[in-house]
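For my numbering, add 1 to where a residue sits in the sequence shown, where the first one is 1. Every residue, glycine too, gets a C-beta built ideally from N, C-alpha and C.
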Amino acid sequence: MGITTETAGPSRVRPRHVGSALTPAAIGIVLAMVLIVVVDSTQFADARWALPLSYLCVWIPLLGAIVVAGWAHGASFWRWLRFSVRGIDLIWGLGVGLLARTVASLIEILGYGSIGSAGVRLGDTVYDAWWLFGALLAPVLLAPVIEELFFRGLVLRAVYGRVAARWAAPIAIAVSGLTFALMHLVALDLSDLATVAVVGSSTLIFGLAAASLSLATGRIGGAMIAHVTFNALVIVPALL
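In structure tokens form, the structure reads like this:
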């Protein structure tokens with residue numbers, strides 16, 4: 002954290018081994034989606050394990066891809082990834098997260114007739130370690146950081162560095178947003194068209210907004226804060 006970077010978007014100077022980042026990124030997202038399907042179709046003797054395992058089957062492949070790409074890049078990797086947070090990122094992140102959640106709520110109204118029909122339902126509250134992880138740590142803190150490192154860090158930068166300058170930004174933003182949305186659709190019942198449409202469009206809009214913010218600032222700090230805000234605005238009402 003705290004790496005000083007430019008604020009007007011990433012440089013077009015391509016770091017050595019930038020192309021090698023695409024391979025672990027592709028493997029990571031495919032493996033994560035396969036594991037999501039496996040965990041979702043598995044019956045657990047203790048149902049409490051389903052939620053943490055569903056998170057881990059995503060986080061481990063994504064973090065593994067980041068580690069492999071980082072090893073290939075060497076000491077310059079974190080600078081290339083734009084892993085930095087500044088004070089202004091808090092303002093941008095809160096704004097983008099709030100705006101994206103507002104749009105997602107409007108989409109829910111169009112799809113379901115009300116807000117929150119596809120939201121989080123936590124059931125009877127038991128304040129233990131399982132609750133702390135599933136209700137707060139995983140969705141509000143851990144998932145936003147890990148997913149932004151992957152989608153707005155590794156994927157966005159790898160695609161941006163491989164495409165001709167004229168099309169680099171729109172293509173990188175599109176790939177980052179689409180893969181982010183696709184990962185969130187894997188475990189859904191595809192026959193439920195309303196849910197697929199609402200979740201798919203909501204996550205796509207956020208993914209595109211977060212990628213645009215990351216490129217505009219030259220850092221992923223704002224995207225992380227936006228993701229925390231976007232998720233928290235679903236989790237907090239479910240806890241009330």
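Can you give me the C-alpha to C-alpha distance between A119 and V200, rounded to a whole angstrom? Residue confidence for A119 is low, a pLDDT of 48 falling below 50, so the modelled location carries little weight and cannot support an answer.
For L189 and T196, which I take to be in contact (beta-carbon distance under 8 Å), what is that distance rounded to the nearest angstrom? 6 Å
In its own chain, which residues sit with a C-beta less than 7 Å from the C-beta of T103, not counting the 5 before and 5 after it? Taking T103 as the centre and dropping the five residues before and after it, the same chain places no C-beta closer than 7 Å to its C-beta.
Any idea what DSSP makes of G256, helix, strand or coil? Nothing in the structure corresponds to residue 256, since the chain is present only between 2 and 241.
If we ignore side chains and look at the alpha-carbon of each, how far apart do F84 and R220 end up? 6 Å
Nearest-angstrom Cα separation, counted from G29 out to S203: 23 Å
Expressed to the nearest angstrom, what Euclidean distance is found between the alpha-carbon atoms of G94 and A217? Computed Cα separation, rounded: 12 Å.
Are the region 171 to 186 and the region 67 to 86 touching, with three or more C-beta to C-beta distances below 8 Å? no
Quick check: the Cα distance between L142 and A101, rounded to an integer number of angstroms? 18 Å
Flag this pair as yes or no: are the beta carbons of L64 and I172 separated by less than 8 Å? By the CB criterion at 8 Å, L64 and I172 fall outside the cutoff.
One question on the structure: do P145 and V59 come within less than 8 Å of each other, judged by their Cβ atoms? Result no, Cβ atoms of P145 and V59 do not sit closer than 8 Å.
Backbone CA spacing between L57 and T24 [nearest angstrom]: Going by C-alpha positions, L57 is about 21 Å away from T24.
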